[in-house]
Every structure is written in C-alpha cells, then in structure tokens.
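Its first residue numbered 0, the sequence shown is counted upward by one per residue in numbering that gives the first Met the number 0.
Backbone N, C-alpha and C define an ideal beta-carbon position, used for all residues, glycine too.
Beneath this line is the structure, given in structure tokens, with notes to follow.
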Amino acid sequence: MTACIAEAEPLRYTPAGLPAISLRLEHESQQTEAGHPREVKAAMKATAFGAMAERLARQNIGSLWTFSGFLATPRNGKTAVLHIQDIQQN
0 MTACIAEAEP LRYTPAGLPA ISLRLEHESQ QTEAGHPREV KAAMKATAFG AMAERLARQN
60 IGSLWTFSGF LATPRNGKTA VLHIQDIQQN
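Structure follows, in structure tokens:
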C-alpha cells in the first residue's frame, strides 16, 4: 500500500525491550472498479517493531512510502492494524 505518514507516536519499547511505533497512514489514489474510475481515500492504523520501528521513527510526517506487511485485529480492537514489515520510499 502506498501512503503517507499522517501521524506518528514517539518510539517506545515493549516490556521485552523491543522498539515499537504506532502510526496513522493516509492513502489516496484513483482505481478502476467495475470499469469506472474511482477516487480512493483511506486512513489506517499501523505499527512496526524492531529496526523497522527505529527507521520509521526517523521519517518525516507527510513523507510518502510503499508499505508491506500484514493485517491483524488487536485482541480488544475492532479495526485491523497494518503490521509493517518493509517500506520503500516513493
């Protein structure tokens, strides 16, 4: 998913000492659905751990990236969170 970093919480550490960060990503694009163009806008919560969290903590708000990872719903949550495993700058 290509998105910009809209918000980033300060880098924190898990009880096991692993760096962690929580982000809010914003995506905008034009897609084709049923043969018609469609403007797509979406905001998503994201998280990263370890070296990826440290790398993301150094990035500017508003910077554009392609994120890859997996979606998971937190234990007490209702919305999926993107667990970032790789990023490429656009």
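With a threshold of 16 other beta carbon atoms within 10 Å, I60 falls short and is exposed. Counting only runs that start and end inside the stretch 7-87, the alpha helix (DSSP H) elements of at least 4 residues fall at 50-56.
Approximately 5 angstroms separates the beta-carbon atoms of F48 and L17; this is inside 8 angstroms, confirming the contact. Note on geometry: alpha-carbon atoms of E32 and M0 lie some 17 angstroms from one another.
The Cβ atoms of L55 and N89 do not sit closer than 8 angstroms to each other.
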